[in-house]
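Protein chains in written order, with the numbering used here: chain P, 1 to 636; chain F, 1001 to 1102.
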């Protein structure tokens, strides 16, 4: 094998072609073949140089000469943008100054293959000879006549005719093979296109397609990789031999293209990575064997073939490596074409399947959120019971479509009411389901006891298994408001404190010990009893309130809450009026800043007793569809 | 290369190579030197060791140019080496540029 490098300069072509000729002469080629090869090389190099864009002129053209009697391959590798290899190659009209180069190459060489990639192209020119003895006999005959190259013998002898017959048979055989190949290819393409529209599923489609490809291209194996969702690696998605598990191929960050002058060490070891990053076909095997560190080498080291990037527009989707045993010739031009066509089909199907999945996922998510929203709405109390001398008002606003917050009011016997505020840590339907369970459990438990601490302990034991298995927990505050006895019994499971504003305007923060539900199975919850005097106001809330932010990034905070309560409580307002005022205070604080968490509160306030009017009012619930929306309150 | 005007003939000789690398200079030199009143151009290729398709194009350009200026001008190739002769035969340009030996 001989490797030559040619700078992008027409002046150097002759010299390089001469060097190549000398090498080939040493391999034993005879004069006519030497002339032919030299000519083909000259034209190929001229082409590569003439069409090289300015930015590739620093990169030399590489020429590889591979001779293995009786086969010869000349490779010319350039860095131009490449061109479309014409199907038909006729001579241009006689007065035409340009356009004979490709014709000459095709005429003097037996087989020509043009592999075009993005930024690098390889022209492969082949010559095959009959057995060596025949060649030697030819050589002696040639040396005897002066004008030996294109001698037209006027009279044809029998051996000549026999040779011509053999040649014709060979040509017919080749044409028949080609016809067969093309019709198989066409049939496969029809099968494939009819499936493309019908199914959105990738794996079975790809399996069938690639199975067909193996037959048509006479390949032995394939490995299809797809880009992982995080775009950091190429994962094997499908392979002709599922037992072999070539490792995943890691991409450099941002999929930076290879710098061809300084090969990245990762790329040097993986042809699949080269194809992916360079967005071009990469040949392997033969003169470019797989590097030992290549993921394919462990099982397919003795193979040759090519890796084709699977691309849609300029987006990389994956790679397709196709190979055959190393003792066979490289894929022919037609076979490479089929591989390319089929990889384009794959690209379409991959994108199809992805879009379909995305659409389905979106629908499922939207539906899930609808369900969860509905659940949440049903949990909230429909009206506020009236209490002697006190009024109740509650508010619950969701930051996202579904929240984990809720409040509840359970009227018990004799002017006693159980107030509940809870925050389920977590999102979506699971959080909503736990909230629903909690809601039901509280109501069930109050059949046996109305002591908040005991209620919390029981519910914790019952919910512990489920909560801990999904790593969720619930903070809650339960307050038994005994209006007749003028006291509040408070228990808390890791929740924000209860704020109680007395008639003297002093604010008391009540925070009995207790862990959130779902952390430990057996928890003892503390209970605190505080007096509920006339003229006082109690506030239960979730941390969405204190953690509300304003445009400057400041939190609303406990201090502000304290201060507001201190100022407003006990001024002869109803609970719903207070609630209204608080909400406007909160709104003006937040301005347009979207909610980051659910906001819930429950107010129990000393109210002037009104004779006839019932103090039943519909609760305000605001379930914002988008975090930034300020939805108008429901009309009473 | 040497260019010599001899009555109705223009003789070109001592052309070491004619190819893509020097076709432009070949054509411009000859275009400049093309005298009036010639009816043939004889190009001596005995010393020309290299010719490629670019060189063929140069000869065609010469022919087109000469015909535009002086009407029917014949171009003959003198003593081409076997490889050079081969490329003319391959491209059928031996019909356009008759080959002479002598």
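C-beta: ideal position from N, C-alpha, C; glycine also.
Let's see if you can read the secondary structure: which residues bound the alpha helix (DSSP H) around residue i?
i, result
"residue 47 (chain P)", "31-50"
"residue 568 (chain P)", "557-568"
"residue 459 (chain P)", "452-469"
"residue 365 (chain P)", "333-379"
"residue 209 (chain P)", "203-216"
"residue 549 (chain P)", "Here residue 549 (chain P) belongs to no alpha helix (DSSP H), and DSSP marks it neither H nor E."
"residue 589 (chain P)", "575-590"
"residue 1027 (chain F)", "1023-1033"
"residue 275 (chain P)", "271-278"
"residue 499 (chain P)", "No alpha helix (DSSP H) holds residue 499 (chain P); the beta strand (DSSP E) holding it covers 498-501."
"residue 106 (chain P)", "101-108"
Does residue i come out as helix, strand or coil in the three-state DSSP assignment?
i, result
"residue 225 (chain P)", "strand"
"residue 307 (chain P)", "strand"
"residue 509 (chain P)", "strand"
"residue 1078 (chain F)", "strand"
"residue 430 (chain P)", "helix"
"residue 157 (chain P)", "coil"
"residue 1093 (chain F)", "coil"
"residue 193 (chain P)", "helix"
"residue 315 (chain P)", "strand"
"residue 286 (chain P)", "coil"
"residue 1057 (chain F)", "helix"
"residue 390 (chain P)", "strand"
"residue 601 (chain P)", "strand"
"residue 1008 (chain F)", "coil"
"residue 521 (chain P)", "coil"
"residue 232 (chain P)", "coil"
"residue 262 (chain P)", "Confidence is the limiting factor: at residue 262 (chain P) the pLDDT is only 45, short of 50, which leaves the residue's position unreliable, though a coordinate-based value still follows. The answer is coil: DSSP assigns residue 262 (chain P) none of H, G, I, E or B."
"residue 118 (chain P)", "coil"
"residue 97 (chain P)", "coil"
"residue 611 (chain P)", "Because the pLDDT of residue 611 (chain P) is 47, which lies under 50, any placement of that residue in the model is unreliable, and the number read from its coordinates should be weighed accordingly. Three-state DSSP puts residue 611 (chain P) in coil, outside helix and strand."
"residue 538 (chain P)", "strand"
"residue 162 (chain P)", "helix"
"residue 179 (chain P)", "helix"
By the criterion of Cβ-Cβ separation under 7 Å, what are the contact partners of residue i in chain P?
i, result
"residue 1020 (chain F)", "10, 46, 50"
"residue 1064 (chain F)", "95"
"residue 1083 (chain F)", "35"
With a CB to CB cut of under 7 Å and the five nearest residues on each side skipped, what residues in its chain are close to residue i?
i, result
"residue 473 (chain P)", "425, 467, 516, 517, 518, 519"
"residue 294 (chain P)", "269, 270, 271"
"residue 641 (chain P)", "Absent from the model: residue 641 (chain P). The displayed extent of chain P is 1 to 636, so no value can be given."
"residue 443 (chain P)", "410"
"residue 202 (chain P)", "349, 350, 353"
"residue 343 (chain P)", "308, 310, 320"
"residue 533 (chain P)", "486, 502, 503"
Quick one: which chain P residues come within Cβ less than 9 Å of residue i?
i, result
"residue 1017 (chain F)", "14"
"residue 1061 (chain F)", "97"
"residue 969 (chain F)", "Because chain F spans 1001 through 1102 in this model, residue 969 (chain F) falls outside it and cannot be assessed."
Please list the terminal residues of the continuous beta strand (DSSP E) segment that includes residue i.
i, result
"residue 295 (chain P)", "Per DSSP, residue 295 (chain P) belongs to no beta strand (DSSP E) and is neither H nor E."
"residue 11 (chain P)", "Unbroken run through residue 11 (chain P): none, as it is neither H nor E."
"residue 489 (chain P)", "487-493"
"residue 67 (chain P)", "61-68"
"residue 412 (chain P)", "405-412"
"residue 473 (chain P)", "473-482"
"residue 423 (chain P)", "416-425"
Taking C-beta pairs closer than 9 Å, name the residues in chain F that residue i reaches, listed in chain order.
i, result
"residue 236 (chain P)", "What residue 236 (chain P) touches in chain F: nothing, since even the nearest Cβ is about 47 Å away."
So residue i contacts chain P; which residues on that side make the cut at Cβ distance below 8 Å?
i, result
"residue 1091 (chain F)", "91, 100, 103, 104"
Given residue i, which residues of its chain have a CB within under 8 Å of its CB, disregarding the five upstream and five downstream residues?
i, result
"residue 388 (chain P)", "415, 483, 484, 609"
"residue 169 (chain P)", "none"
"residue 60 (chain P)", "5, 6, 7, 8"
"residue 446 (chain P)", "410, 412, 418, 455"
Closer than 8 Å, CB to CB, is residue i near chain A or not?
i, result
"residue 174 (chain P)", "Reference to chain A is not applicable here, since the protein chains of this structure are P and F."
Going by beta carbon distance, what residues of the same chain come within less than 6 Å of residue i, once the five residues before and after it are set aside?
i, result
"residue 1011 (chain F)", "1004, 1042"
"residue 1061 (chain F)", "1027"
"residue 335 (chain P)", "217"
Practice item. Residues of the stretch 1038-1056 of chain F with a CB closer than 7 Å to any CB of chain P: list them in chain order, please. Key: 1050, 1052, 1053, 1054, 1056
Check your understanding: For the stretch 92-125 of chain P, which residues have a CB atom closer than 8 Å to at least one CB atom of chain F, in sequence order?
Key -> 94, 95, 96, 97, 98, 100, 101, 103, 104, 107, 108
Practice item. Output, in sequence order along the chain, the residues in the stretch 16-43 of chain P whose CB is closer than 7 Å to any CB in chain F. Key: Look at the stretch 16-43 of chain P: the residues with a C-beta under 7 Å from a C-beta of chain F are 35, 39, 42, 43.
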